[in-house]
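Notes follow once the structure below has been shown.
Numbering (the numbering used here), first residue to last: 29 to 102.
Here is the structure:
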């Protein structure tokens, strides 16, 4: 589960702000980094569709082994 700095579950229904659609690639790069996943070059270059395909192909669930939560930077 991804949680807010105060320990509450990340949720759109609370104070979480919407993401800027114009910054989608940058947002995805940041989230993949928080999750400890590799960031495809396609995303860094702003190609969202190709970046998502590459990110899915590189997804490594073993990086979550032993974790009970991931805290967002405060």
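Where a beta carbon is used, it is the ideal one built from N, C-alpha and C, also for glycine.
In the structure shown, what three-state DSSP assignment does residue i receive?
i          : result
residue 45 : coil
residue 67 : coil
Between which two residues does the alpha helix (DSSP H) carrying residue i extend?
i          : result
residue 60 : 52 to 62
residue 79 : 76 to 86
Contact defined as beta carbons within less than 8 Å: I believe residue i pairs with residue j. What is the distance between those atoms, to the nearest angstrom?
i          : j          : result
residue 45 : residue 99 : Going by Cβ atoms, the distance from residue 45 to residue 99 rounds to 18 Å, so no, they are not a contact pair.
residue 91 : residue 64 : 5 Å
residue 71 : residue 83 : 7 Å
So does the stretch 72 to 83 actually touch the stretch 55 to 64, counting three or more Cβ pairs closer than 8 Å?
yes
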